[in-house]
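Residue numbers (this note's numbering), protein chains in the order written: chain A, 3 to 432; chain B, 16 to 167. Just so you know, even glycine gets a beta-carbon here, dropped at the ideal spot from N, CA and C. To keep things clear, I will list the structure first and then write my remarks on it.
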């Protein structure tokens, strides 16, 4: 692969070549060709990732950071090289990258560590959250980036506030800036909404939050896999993303903590692999990142994730972004043009990521999903772990199509075609 | 539907009777008076139902329900509200059990129309495991309401 190919978007020929790397895309689970439009929930794995895991498990598997034998040294090398690989991918230092079970776990680690710091009477003013303080989220957050903060507010006596969304599920920088006050101690937002595809103005929010000494936590699950992301440049203090949404295996999440926050936060979990000295009554913790990695990590899956990052970079994150943004616009414009279909999120022509959620008037999302499934189309139906947003939209569930580097225009068009038949199938709107 | 594959893979699921009931919504509304009430929610899809039942001695006199959800869950509540009144509580329980067995069978159980009544239309759901909970929601609500009455 040449660097020039990484600069352009993805041609049809290129996508066909990429698709050949993904064995599952040739499957016909419902007896018809698979149109996979659910990468936002979980992505599929290319052979290169599966092979990297296979090589590790068959040739280099051992417990890392312990033992003196050669195999242990090989496994530790792979493990730490993977950390360097993922760090470089998001512009961070390796010591700023900790492993978690998934992004939900990573976000919980931040919230639980803050709760722990405040239980111990946080001497570091950067960590202090108390009654009268505010934690700010948006009404559109995934439950993974809502519940940890809801509970942290309950535990510390702080008030949870949220940036409200409009009838389309959209909020603006102006809304966010108005909601950040002297009382704000922490701002937690999604970089890209998993339901609306809205892209948050993270840099400006981080600047405003830091001006009042608030921490900024970023849910990067829908951004890091799909576009170039430089976490230090965004200015966030913490971020979380998930291996299984970026061509990697399940069971691994990534927690980014700035060196400063990583040094200040106490660990939420304690035990093996994260200490320097232990006596029967006392313990000293290792610095970040090991401090946040109690117990054995899923090393084989971490090696797989590093291979996934290699794969993504070889294709080119800028090219993937361009490809998906074009598909997102095609989805949005196409869906908005169908009678009786309501597009959620930014209007066509406005900036959005490569996904779109819709409401079909008079037809429940599960029934929509069933009709799509019969045509081989795997789309997500439900509340997408964002019940408050759906309540605000006035529905229990929506139907979401989400794209990735292997998605073709023809697949998007197939989705739109079948979507346009749903209401007549159920005899609605005639 | 024009322009579709000749065989409609959904035909086994969305029987005419189901599509009709999803629109007709028999028994929708608050039943007054009622002997027992159950509220159930399917957390995976957000379907919900509030079902009330009234008995006349051992016989189910009337069922009323309010809810929202997919066509399968709504049609199922409608069929229940039309068919179950007139059955004894024990007869209603037999029907619930027969339906549960049928839907969980993945297609291996032959539906017994005499036992199931119009609920036999849901036989096709057995081949769509993700939808079994939708079809059972109203029936489980009725079962729990009957349990509550038995416990009194």
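Chain A contact for residue i (CB, 7 Å cutoff)
i	result
residue 24(B)	yes
residue 93(B)	no
residue 41(B)	no
residue 120(B)	no
residue 109(B)	no
residue 86(B)	yes
residue 152(B)	no
residue 21(B)	Here residue 21(B) scores only 45 on pLDDT, less than 50, and its place in the model should not be relied on; the value that follows carries that caveat. No, because no Cβ of chain A sits closer than 7 Å to the Cβ of residue 21(B).
is_contact[residue i, chain B] using C-beta, thresh 7 Å
i	result
residue 67(A)	no
residue 368(A)	yes
residue 385(A)	yes
residue 399(A)	yes
residue 1(A)	What the structure shows of chain A is the stretch from 3 to 432, and residue 1(A) is not part of that stretch, so it cannot be assessed.
residue 6(A)	Note on residue 6(A): pLDDT 49, under 50, position unreliable in the model; the coordinate value appears next. No, residue 6(A) lies away from the interface with chain B (no Cβ there is under 7 Å from its Cβ).
Closest by C-alpha distance to residue i, when choosing among the options
i	options	result
residue 111(A)	12(A), 258(A), 253(A), 403(A)	258(A)
residue 289(A)	423(A), 317(A), 100(A)	100(A)
residue 271(A)	102(A), 51(A), 199(A), 336(A)	102(A)
residue 156(A)	380(A), 213(A), 304(A), 116(A)	116(A)
residue 158(A)	182(A), 180(A), 132(A), 145(A)	132(A)
residue 133(B)	146(B), 95(B), 166(B), 66(B)	95(B)
residue 150(A)	122(A), 105(A), 170(A)	105(A)
residue 190(A)	287(A), 202(A), 29(A)	202(A)
residue 389(A)	35(A), 144(A), 52(A), 77(A)	144(A)
residue 46(B)	106(B), 140(B), 78(B)	78(B)
residue 186(A)	114(A), 231(A), 130(A), 221(A)	130(A)
residue 63(A)	286(A), 298(A), 209(A)	298(A)
Pairwise C-alpha distance: residue j and residue i
i	j	result
residue 196(A)	residue 346(A)	11 Å
residue 343(A)	residue 328(A)	20 Å
residue 407(A)	residue 233(A)	22 Å
residue 131(B)	residue 341(A)	39 Å
residue 87(B)	residue 32(B)	11 Å
residue 43(A)	residue 28(B)	26 Å
residue 393(A)	residue 83(A)	44 Å
residue 85(A)	residue 275(A)	16 Å
residue 110(B)	residue 98(B)	10 Å
residue 31(A)	residue 380(A)	10 Å
residue 141(A)	residue 188(A)	15 Å
residue 164(B)	residue 55(B)	17 Å
residue 43(B)	residue 164(A)	37 Å
residue 205(A)	residue 226(A)	15 Å
residue 300(A)	residue 254(A)	7 Å
residue 24(A)	residue 330(A)	22 Å
residue 21(B)	residue 38(A)	Per-residue confidence for residue 21(B) stands at a pLDDT of 45, beneath the threshold of 50, marking its modelled position as unreliable; no derived number is given.
residue 117(B)	residue 108(B)	14 Å
residue 360(A)	residue 366(A)	11 Å
residue 158(B)	residue 123(B)	24 Å
residue 348(A)	residue 177(A)	15 Å
residue 198(A)	residue 113(B)	42 Å
residue 19(A)	residue 304(A)	26 Å
residue 200(A)	residue 40(A)	17 Å
residue 398(A)	residue 356(A)	23 Å
residue 324(A)	residue 411(A)	13 Å
residue 211(A)	residue 128(A)	12 Å
residue 237(A)	residue 118(A)	24 Å
residue 78(A)	residue 277(A)	17 Å
Test: residue i CB closer than 7 Å to a CB of chain E
i	result
residue 61(B)	Of the chains in the structure shown, none is chain E; the protein chains are A and B.
For residue i, the residue or residues it bridges with in DSSP
i	result
residue 171(A)	Partner(s): none; residue 171(A) has no beta bridge.
residue 136(A)	161(A), 186(A)
residue 255(A)	102(A), 244(A)
residue 70(B)	75(B)
residue 154(B)	DSSP lists no partner for residue 154(B).
residue 93(B)	Bridge partners of residue 93(B): none, in fact.
Nearest-angstrom beta carbon gap, residue j and residue i [assumed within contact, 8 Å]
i	j	result
residue 402(A)	residue 382(A)	5 Å
residue 435(A)	residue 97(A)	Outside the shown range of chain A (3 to 432) lies residue 435(A), about which nothing can therefore be said.
residue 91(B)	residue 152(B)	7 Å
residue 308(A)	residue 50(A)	Residue 308(A) to residue 50(A), Cβ: 11 Å. No contact.
residue 216(A)	residue 182(A)	7 Å
residue 87(A)	residue 311(A)	5 Å
residue 421(A)	residue 171(A)	About 19 Å separates the two Cβ atoms, so there is no contact after all.
residue 40(B)	residue 52(B)	With a Cβ gap of about 18 Å, residue 40(B) and residue 52(B) do not count as contacting.
residue 264(A)	residue 364(A)	Not really, about 51 Å apart at Cβ, beyond 8 Å.
residue 248(A)	residue 45(A)	6 Å
heavy atom of the ligand ATP below 6 Å from residue i C-beta
i	result
residue 282(A)	This structure does not include the ligand ATP; it has no bound ligands of any sort.
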